[in-house]
Amino acid sequence: MIEAIGNQYVVARPVYSSHTFGEEFKKANRHHKTLLDHLKGCCSCSSQKAKKIALSLFPIASWLPAYKIKEWLLSDIVSGISTGIVAVLQGLAFALLVNIPPFYGLYAAFFPVLTYFLLGTSRHISVGPFPVLSTMVGVVVTRVASGGSSAPELSGSMENASLDAQDQEKIMVAATVTVLSGIIQLLLGVLQLGFVVIYLSESLISGFTTAAAIHVLVSQLKFMLQLSVPAYSDPFSIFKVLESVFTQIEKTNIADLVTSLIILVVVFVVKEINQRYRNKLPMLIPIEFIMTVIATGVSYGCNFEERFGVAVIGNLTSGFQPPITPSVKVFQDTIGDSFGIAIVSFAVAFSVASVYSLKHDYPIDGNQELIAFGISNIFTGAFRGFAGSTALSRSGVQESTGGKTQVAGLLSAVIVLIVIVAIGFLLQPLQKSVLAALALGNLKGMLMQFAEIGRLWKKDKYDCLIWVMTFIFAIVLGLGLGLAASVAFQLLTIVFRTQFPKCSTLANVGRSNIYKNRKNYADVYEPEGVKIFRCPSPIYFANIRFFKQKLIDAVGFSPLRILRKRNKALKKIRKLQKQGLIQVTPKGFIYTSDGFKDSDEELDNNQIEELDQPINTTDLPFEIDWNADLPLNITVPKVSLHSLILDFSAVSFLDVSSMRGLKTILQEFIRIKVDVYIVGTDDDFIDKLVRCAFFDDEVTDSIFFLTIHDAVLHILMKKDCGTSKFNPSQEKEMKFDFTVNTNGGLRNRECQVPVETRF
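To convert, note that position 81 of the sequence shown is 100 in my numbering; the numbers rise steadily by one, no gaps.
Here it is as structure tokens:
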């Protein structure tokens with residue numbers, strides 16, 4: 020019975036152990052699906068299921084028929100044009116990070132949009148080149164396309180008269196890696212493994228993208244300064260690049276340096292204005308487009324290439340080139356790198372898509388996103404593009420300028436298409452240093468994530484440690500190895516959190532049924548002789564010893580040590596009895612001599628095993644009070660604890676390896692007459708113990724109670740009835756029912772024993 024009184028409530032119910040609760044409330048018969056049932060469900064076919072599968076594979080079929088032309092079309096047109104201009108510039112800029120000719124970045128900005136328009140579930144992200152991925156692909160290109168024995172052979176379709184063999188080789192490697200990463204994403208999506216992204220936490224992604232931004236910054240220095248820096252792909256490569264840059268610093272092209280610095284300053288200032296006054300401006304200032312037009316015009320009008328020797332984009336091939344056949348040899352050499360690229364591509368895109376889906380209230384499907392990006396990357400790689408995801412700044416432009424659906428993305432692809440087939444030649448005089456500066460101008464958001472360290476330190480020190488170590492790994496080891504090391508370290512932190520949990524001792528707070536960490540509150544109540552111990556993590560093979568040690572620290576003694584002491588003392592008592600030094604009577608010990616001196620004896624292994632067994636006093640006419648004084652200076656540590664409650668409400672699982680250790684712990688306490696109770700477990704926990712034959716005559720299933728308060732009331736009732744006039748047979752027949760009063764008292768409703776326990 021539950022009775023509400025204002026903002027308080029009164030509960031009247033019996034004290035429930037798991038056993039008594041199960042007897043009173045019978046479980047419903049449930050049919051658990053077998054593997055065969057799941058297979059039947061997967062293989063069954065119906066019109067509704069076919070329609071559902073078709074809509075999931077082609078999400079466009081669900082939102083395009085409901086497209087609101089009058090309300091959305093104009094916004095999508097404006098957004099598509101703005102996003103397309105940014106996509107052109109970022110495609111050219113990020114191609115430099117891949118170490119391939121810039122105009123191939125236009126392919127990477129065009130092809131993935133077409134497939135994502137049909138297959139993607141997000142309506143707001145802009146698909147295409149992403150600086151972190153471009154850098155990761157560039158690292159692979161640098162390593163594989165080095166002209167060594169592992170370099171791929173070029174197919175006939177790969178030949179291009181306007182490019183040298185080294186550039187063609189790099190394009191082949193970039194395209195092959197893109198196709199392979201797309202195949203990996205497609206397989207993960209088909210196998211419904213979209214959950215892999217959960218292993219990349221926000222802290223890890225933040226630290227990784229910040230480190231990638233540093234890599235991008237360092238990689239662009241050679242274009243801003245126009246220096247000949249060798250390509251490095253091994254660990255510590257970033258430091259080798261910096262060393263090469265600073266040793267050649269006197270060869271800097273001043274015109275490129277000045278131009279890039281001016282571009283950087285202007286872009287940073289205008290972006291800050293856009294951010295600060297975005298709600299007041301009719302539309303964001305397209306600073307990248309403006310600076311590109313100005314820089315191209317100045318470079319062409321002043322003939323920078325001949326007068327100052329600056330590096331320009333050069334020839335931009337109009338139109339499209341035929342698709343290529345990926346290199347099987349590159350597949351073999353880059354499988355690990357491609358897997359990392361596939362995971363990072365999906366993780367970044369899915370995290371950005373999640374933000375916009377929550378903001379605009381529509382669902383996204385992780386598995387379908389994997390399929391969409393997988394096919395997009397296969398399609399892009401086949402047409403000589405490189406791996407893409409979604410650039411944060413470009414997606415921000417598409418959403419902030421009013422984009423409603425992927426129609427805006429399709430229109431942005433049209434803008435890129437116009438540049439590819441018609442007006443690309445206008446960008447030929449543009450300096451590469453300008454592209455590098457524009458690429459760096461988009462890194463502000465990622466570089467500002469350094470501020471996350473302070474916030475994470477206040478929130479969770481483990482998350483802060485993950486961020487810092489991810490950043491260090493990615494900087495020192497490179498992006499590929501750094502990502503693998505970061506994921507391994509993150510999983511290791513999870514192991515540490517569960518292996519060394521913050522166990523605590525609980526006490527009653529507020530004189531009610533609430534139990535909290537005793538160290539956090541001043542006014543607490545602890546029942547005499549009762550200890551409540553909480554473990555906030557799973558118990559498994561790696562932390563069972565830690566759990567036992569923490570439990571020993573909480574109770575203040577080792578039950579095994581006490582058990583051995585008592586068995587050893589019992590052996591001495593029997594020895595004294597045989598020697599006639601004492602007599603054992605029903606009333607206690609009678610001393611016949613006081614000349615005995617206790618001494619510690621060396622025990623062999625067999626004797627130690629005997630001391631670990633339950634204390635057997637059946638041959639004695641009375642039960643020994645181990646907390647009383649024993650005869651002839653025999654000393655045994657006194658134990659004031661009579662009941663131990665283990666709060667397992669936060670224990671999600673218990674593996675088979677740790678069951679034996681847990682049972683040993685329970686036996687050690689039971690053998691020294693300390694009653695042990697386990698509370699807060701679910702039915703599956705107990706069922707697993709039953710299946711594993713955990714219970715016996717010593718450790719029974721009666722130790723389980725629903726809540727801490729049930730166990731405490733049971734202990735108090737048992738203690739009071741133990742000192743009452745009732746004998747044990749009467750005690751078993753009595754039913755106890757306690758009421759928790761709003762004034763903090765405990766009143767026994769049905770027991771004849773006068774119990775009035777006030778907390």
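Ideal Cβ positions, reconstructed from N, Cα and C, are used throughout, including at glycine.
- The count of Cβ pairs closer than 8 Å, one atom from the segment 318-336 and one from the segment 470-487, stays below three, leaving the stretches out of contact.
- Annotation: phenylalanine 405 is outside any beta strand (DSSP E) and is labelled neither H nor E by DSSP.
- DSSP lists Ser408 as the bridge partner or partners of glycine 147.
- In the three-state DSSP reduction, glutamine 447 falls in the coil class, being neither helix nor strand.
- Under the three-state reduction of DSSP, asparagine 527 is assigned to strand.
- An exposed status is given to leucine 55, since fewer than 16 other beta-carbon atoms sit within 10 Å of its beta-carbon.
- Boundaries of the alpha helix (DSSP H) harbouring threonine 195: 184-209, taken from the DSSP string.
- Shown here, leucine 725 sits in coil according to DSSP, grouped into three states, outside any helix or strand.
- DSSP lists Ser662 as the bridge partner or partners of aspartate 694.
- Relative to alanine 541, the option among Leu116, Val549, Arg530, Ser676 whose CA is nearest is Arg530.
- For lysine 478, the enclosing alpha helix (DSSP H) covers residues 471-478.
- The bridge partners DSSP lists for tyrosine 534 are Asn527.
- Counting C-beta pairs closer than 8 Å gives three or more between the segment 222-233 and the segment 500-510, which meets the contact rule.
- In the structure shown, tyrosine 544 falls within a strand segment according to DSSP collapsed to helix, strand and coil.
- Under DSSP, glycine 60 takes part in no beta bridge, so it has no partner.
- When secondary structure is reduced to three states using DSSP, glutamine 602 falls in the strand class.
- 8 Å or more divides the Cβ of aspartate 95 from the Cβ of leucine 389.
- One thing to note: valine 209 has its Cβ no nearer than 8 Å to the Cβ of valine 160.
- When beta bridges are read from the DSSP output, leucine 673 appears opposite Ile558.
- Fewer than three Cβ pairs drawn from the segment 407-419 and the segment 276-287 lie within less than 8 Å of each other, which leaves the two stretches out of contact.
- In the three-state scheme derived from DSSP, where H, G and I count as helix and E and B as strand, arginine 49 is classed as coil.
- One alpha carbon belongs to phenylalanine 444, the other to threonine 512, and they sit about 53 Å apart.
- In the DSSP assignment, serine 36 is bridged to Phe724.
- Per DSSP, the beta bridge partners of lysine 550 are Leu663.
- DSSP places isoleucine 609 in the strand class (E or B) of the three-state scheme.
- Between leucine 457 and alanine 112, the gap from beta carbon to beta carbon is short of 8 Å.
- For phenylalanine 608, the CB contacts under 6 Å within the same chain, skipping 5 residues up- and downstream, are Ile601, Pro650 in chain order.
- DSSP, read as helix, strand or coil, puts valine 435 in helix.
- For proline 131, the enclosing alpha helix (DSSP H) has its first and last residue at 123-138.
- The shortest C-alpha to C-alpha distance from isoleucine 558 to any of Leu725, Ser63, Asn118, Leu681 is the one to Leu681.
- Each residue's CA atom was taken as its position, placing valine 117 and aspartate 666 some 56 Å apart.
- In the structure shown, valine 97 adopts helical secondary structure according to DSSP, grouped into three states.
- Taking a 10 Å sphere around the C-beta of tyrosine 696, we find 16 or more other C-beta atoms and assign the residue as buried.
- Nearest C-alpha to serine 662 among Leu484, Glu262, His733: His733.
- Between aspartate 572 and the set Gly599, Gly548, Cys522, Val374, the nearest pair of CA atoms involves Cys522.
- By alpha-carbon distance to proline 520, the top candidate from Glu547, Ile533, Gln568 is Gln568.
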